[in-house]
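In case it helps, full-length UniProt numbering puts the sequence shown at residues 1 to 218.
Backbone N, C-alpha and C define an ideal beta-carbon position, used for all residues, glycine too.
These notes concern the structure reproduced below.
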Amino acid sequence: MNTSIAPAVEVPIKDYRASIRFWHWANALLISLQLMTILFQKVIVKSKSAVTELQSSGKDVSVPQARELAHIISERIWAWHIYFGWALVALWVMRLGLQLTGPSELRFSARLLEILRRYRLAPPADKSKAGKILFAKATYALFYLFITIMVATGLILIYEDVSWLKGIHHLAEETHNVTMFLIIGFIVIHVVGVVWAEISEDHGLISRMVGGEKKGVA
Ligand code: HEM
């Protein structure tokens, strides 16, 4: 007979239902696409420096023409950045909706509090495992903060012509830039952590995040 006593209210700390999985992979895709637009804009195409190269190569193209072409290419890349940006705004709104109206399994705050409670109550032998779970959850909390900053500052950059936003435009731009590096840092830690968990103790974690939890499987 199992004599262990379950807590009065067991809040699940993981959830693989379709809405969360969709949100996760759509975000992963869109953030990758956003990073690619920046890679093209700032590293691969780098249209501004291409104008200088063209000038020094002595080709029969006038500087204003070259500048105009560089501007068109740069604007096209930014246009895609803004389309993907709007899609990220939509996902952010969807996540907020799940957080505010969804059941506790879908509410990040409920799961975070539950993990914190389990960490506090864990006996010394289980403290390290509970600590790792808490660390992973804390990085997700930071990710939600970063994506919120990205969406808010991105919107400020889109509406740069609105007079009351002009005063914070530069701050928004700098914050948008810096937060990109924080998101890249999160992605590295997240991917390494997930692969490590999959290999060491949580086999099937990645396939559950893709295909959901199979009924009847613990
Ligand atoms: C994680 C996703 C994102 C990344 C990595 C990212 C990265 C960047 C970076 C590095 C810049 C250049 C800033 C500069 O030149 O100083 C930029 C500009 C911009 N971003 Fe994002 N961004 C993301 C999400 C968003 C979102 C969600 C929106 C819209 C809601 C957005 C809208 C913009 C706009 C309007 C600009 C300025 C474009 C221009 O100069 O014409 N971004 N982004």
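Report yes if the C-beta distance between residue i and residue j is below 7 angstroms; otherwise report no.
i: THR37; j: HIS81; result: yes
i: ALA70; j: VAL51; result: yes
i: VAL89; j: VAL151; result: yes
i: GLN34; j: PHE84; result: yes
i: TYR16; j: GLY193; result: no
i: ILE183; j: PHE146; result: yes
i: ILE73; j: SER56; result: no
i: ALA87; j: LEU30; result: yes
i: ALA172; j: THR153; result: yes
i: ILE137; j: ILE115; result: Looking at the sequence provided, one finds Lys at residue 137 rather than Ile. Contact: yes.
i: PHE181; j: PHE143; result: no
Would you say residue i touches the ligand HEM, meaning its beta carbon is less than 6 angstroms from a heavy atom?
i: MET150; result: yes
Go to residue i, then tell me how far its alpha helix (DSSP H) extends in each direction, as first and last residue.
i: ALA26; result: 18-39
i: ALA152; result: 124-158
i: ARG111; result: 108-121
i: GLU173; result: 169-200
i: GLY85; result: 63-101
i: VAL51; result: 47-56
i: LYS166; result: 163-166
i: SER207; result: 205-211
Report yes or no: is there a C-beta of chain B within less than 7 angstroms of the C-beta of residue i?
i: SER109; result: Looking at the structure shown, chain B is missing, and only one protein chain is on hand.
Which residues have a Cβ closer than 6 angstroms to any heavy atom of the ligand HEM, listed in chain order?
Sorted by chain position, residues whose beta-carbon lies closer than 6 angstroms to a non-hydrogen atom of the ligand HEM are ILE31, GLN34, LEU35, ILE38, TRP78, HIS81, ILE82, GLY85, LEU88, VAL89, MET150, VAL151, GLY154, LEU155, LEU157, ILE158, GLU173, HIS176, ASN177, MET180 and ILE183.
Taking 8 angstroms as the cut-off, does the stretch 16-33 touch the stretch 102-116 (at least 3 CB pairs, one atom from each stretch)? Flag = yes, the stretch 102-116 and the stretch 16-33 touch.
Inter-stretch contact (C-beta, 8 angstroms, three-pair minimum) for the stretch 160-179 and the stretch 115-133:
Under the 8 angstroms Cβ criterion, the stretch 160-179 does not count as touching the stretch 115-133, having fewer than three qualifying pairs.
Query raised in the report: Counting Cβ pairs closer than 8 angstroms, one from the stretch 58-72 and one from the stretch 131-143, do we hit at least three?
Result: The answer is no - the stretch 131-143 does not touch the stretch 58-72, with fewer than three Cβ pairs under 8 angstroms.
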